[in-house]
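To convert, note that position 91 of the sequence shown is 91 in full-length UniProt numbering; the numbers rise steadily by one, no gaps. Worksheet: one structure, shown below.
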Amino acid sequence: MNRDLQIANWTAVCALADIVPNTGVCALFNGEQVAVFHVDDGASHVYAIGNYDANSGASVISRGLVGNLGERIVVASPIYKHHFDLRTGECIEAPEHSVGSFHARIAEGKVWVGA
């Protein structure tokens, strides 16, 4: 295993192949639901944010549509369509309902999430 993955306390949450490009999945990380997204713009990138959408009161962010608003890569929550920045977790329409963001990376064919 890659040494820096062990040092940083990263957790493998799924195989990269388990996530269809430009979609998300829900994973359990440290007892919390995390929405993990695989964005492919010619190169694969992964992002992880909280899965709970306070605007709707449901854990559905991982089921949202991935896109962009200007330079921001976002996911639109499937219920009220609020946009969440995949890098920061900020809810663009209602910043008071922003979610946490997590470090995410691809290594050894897996998606790793770190606090």
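No residue lacks a Cβ here, since even glycine has one placed at the ideal position from N, Cα and C.
Residue i versus the options, residue with shortest Cα-Cα distance
i           : options                     : result
residue 116 : PHE102, ILE106, ALA107      : An answer regarding residue 116 cannot be provided, because it is not within the stretch 1 to 115 covered by the chain.
ALA27       : HIS38, VAL20, CYS14         : CYS14
HIS97       : VAL20, GLY57, ALA12, VAL25  : GLY57
residue 143 : GLU71, ALA54, HIS82, ASN55  : Lying outside 1 to 115, the shown extent of the chain, residue 143 is not represented and no answer is given.
PRO78       : GLY24, ALA104, TRP10, THR11 : GLY24
ILE19       : PHE37, GLU108, TRP10        : PHE37
ALA104      : LEU86, GLU90, ALA76, ALA94  : LEU86
VAL39       : GLY109, ASN30, VAL74        : VAL74
TYR80       : SER59, SER44, GLU71, ALA12  : SER59
Beta-ladder partner(s) of residue i, from DSSP
i      : result
GLU93  : DSSP output for GLU93 lists no bridge partner at all.
ASN55  : Looking at the DSSP assignment, ASN55 forms no beta bridge with any residue, so it has no partner.
ALA104 : VAL113
TYR47  : PHE37
GLU32  : PHE29
HIS83  : ALA76
GLY42  : Beta-bridge pairing links GLY42 to no other residue.
Distance between residue j and residue i (C-alpha atoms, nearest Å)
i     : j      : result
ALA17 : ILE106 : 11 Å
TYR47 : ILE92  : 17 Å
ILE7  : VAL34  : The pLDDT assigned to ILE7 is 39, lower than 50, so where the model puts this residue is not dependable, and the model offers no usable value.
GLU32 : GLY42  : 30 Å
TRP10 : TRP112 : 6 Å
ILE61 : GLU108 : 26 Å
PRO21 : GLY50  : 19 Å
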